[in-house]
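Reading the sequence shown from the start, the letters are residues 2 to 238 in this note's numbering.
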Amino acid sequence: MKNRRRMREALMDEAERALAEKYRRYYLDAVQDKERRGLPERFALYDAYWEGDVNLPASENDPGSCTNIVHANVEGQVSLLLEQSIGILPVPVGPEDAPFAQTVQRVLEFIKDKNRLTRKLDLHERRREKYGTGIFRVSFDPEALGGAGLPVIEACNPRDIYIDPGITDVYRTEEAAFIIETVCKTVHWAREQYGETIADAIVPGYKPQYADQPAGDDTYLHMLVWTKEGGKLRMWK
């Protein structure tokens, strides 16, 4: 642990270490806000009802009666939503845009197909039905398609999203000082993405809420951090 700490200090200057600590504090504040609202317990309860793991038998003579109508309701709604085809119809703003509408439509359909949007919509709608909210993350991968670049659409789990506690209105999320998404990654993934030196400085099993902890398995908690830059949210990873 001490060796890794020294490696991190060698990799980052004082300003970078201060920025990393700032983001860690952001995360801790959002985690505490979620816990204060009881959201982790609610999400776990929703999952338990969806899976049918409620009112379990307490003994051999206890029938543990529980007709799981939640799972059927959620999956039925998801099926109905996915039966609808995803159509793309660009609407020209002015007459000068009309000649490009068909080209734009083909480009957007290509992006939709490359992102396997139907499969991701399945995840999004199931979470929306279970938790009451669904979240899509849209970013741009400049290295995709051999360097041509491609917008990337991912369905995020609301359980892994942490928003500035100062924002209490869902319609004012853009005013947040930060938004954080946590993703479980492996050290092997970090080695492929960032190289040996950075990967070797990662503590397996790391969780930002703990200052000192024993090394765990090969996974760690990777954070995608959006902060307000020039009036817009900018992602750091």
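Where a beta carbon is used, it is the ideal one built from N, C-alpha and C, also for glycine.
- DSSP, read as helix, strand or coil, puts D142 in strand.
- In the displayed model, R129 falls within a helix according to three-state DSSP.
- Taken through DSSP and simplified to helix, strand or coil, I87 comes out as coil.
- By the criterion of a C-beta distance shorter than 8 angstroms, K131 is surrounded in its chain by Y47, D48, W51 and V75, once the five residues flanking it on both sides are discounted.
- For M8, the three-state secondary structure derived from DSSP is helix.
- Cβ-Cβ distances below 6 angstroms link I203 to V188, A191 and Y221 in the same chain, with the five nearest sequence neighbours on each side left out; the list follows chain order.
- With respect to the C-alpha of G231, the residue from A11, I199, M224 and E176 having the closest C-alpha is E176.
- Check the Cα spacing between L122 and each of V171, R160, D161 and L82: the tightest is with L82.
- Per DSSP, the continuous alpha helix (DSSP H) segment holding I199 begins and ends at E197 to D201.
- At the C-beta level, I162 and E182 come within 7 angstroms of one another.
- Around the beta carbon of F179, a 10 Å sphere encloses 16 or more other beta carbons of the protein chains shown; the residue is thus reported as buried.
- Within the same chain, F179, I180, L234, R235 and M236 come within 7 angstroms of W227 by CB-CB distance, once the 5 residues on both sides are set aside.
- Residue state for V204 is assigned as coil, using DSSP reduced to three classes.
- A direct Cα-Cα distance of roughly 43 angstroms separates L225 from A59.
- Residue environment analysis places R127 among the buried positions, since at least 16 neighbouring C-beta atoms fall within 10 angstroms of its C-beta.
- Contact between the segment 194-203 and the segment 4-22 is established, with three or more Cβ pairs separated by less than 8 angstroms.
- In this structure, the CA atom of A21 is about 12 angstroms from the CA atom of L29.
- Excluding residues up to 5 positions away in sequence, N69 lie with their Cβ nearer than 6 angstroms to the Cβ of G53 in the same chain.
- Looking at G135, A149 and R107, the one whose alpha-carbon comes closest to that of F141 is A149.
- The Cβ-Cβ distance between R138 and C157 falls below 7 angstroms.
- Burial of V79 is indicated by the presence of at least 16 other C-beta atoms within 10 angstroms of its C-beta.
- Each of R160, D219 and K23 was checked against the Cα of E42, and the nearest Cα belongs to R160.
- Inter-residue distance for H125 and D219 is about 28 angstroms (C-alpha atoms, whole angstroms).
- In the DSSP assignment, I112 falls within the unbroken alpha helix (DSSP H) covering A102 to K115.
- Take K115, set aside five residues on each side of it, and the residues of its chain with a beta-carbon closer than 7 angstroms to its own are L151, in chain order.
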